[in-house]
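In what follows, a structure is listed as structure tokens, so that the remarks can point back to it.
Numbering (this note's numbering), first residue to last: 1 to 165.
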């Protein structure tokens, strides 16, 4: 019985790792157009707040990105607030998890000022810079590095420190 439980745990871990790699790529592509955003959103539609915090944060990002394409201003605002609630929930649940912080930074950096969701940019930026060297997943590390190198909130010096790690 123990062997079966261990086997299921190992399979679940590798499945989640593979799934996260696909989700990270879809997240990056979701910002490009509506079709990619819908593919990303559909990947995460069954995720709920009981799931892994990384998945919860990506679902929040998917909802926030989908809100961009809503018809009315109210739908846009309500969708964005719903998406942000998932991201914030993930960070509250695991404040030291790097991926939800990374997702929040990306959303906050690219959100219009009128939505007033920019309060944690400096905090999350510093968190990513400090934790970057400790990321064990090469896929996640590359994903975050690519984001930092194109981001406007990181200085050239900060980008250089990431490139040299």
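Using N, Cα and C, we set each Cβ at its ideal position, and we do this for glycine too.
Your pair residue 55 and residue 38 does not check out as a contact, with CB atoms roughly 18 Å apart and the cut at 8 Å. Shown here for residue 20: same chain residues with a beta carbon closer than 7 Å to its own, the five before and five after excluded, namely 54 in chain order. Per DSSP, the continuous alpha helix (DSSP H) segment holding residue 131 begins and ends at 121-131. Distances from the alpha-carbon of residue 87 to those of 26, 108, 75 and 71 put 108 closest.
In the three-state reduction of the DSSP assignment, residue 154 falls in the coil class. If only complete runs of 3 or more residues are kept, the region 33-73 shows no beta strand (DSSP E) anywhere. When only Cα atoms are considered, residue 151 and residue 46 end up about 30 Å apart.
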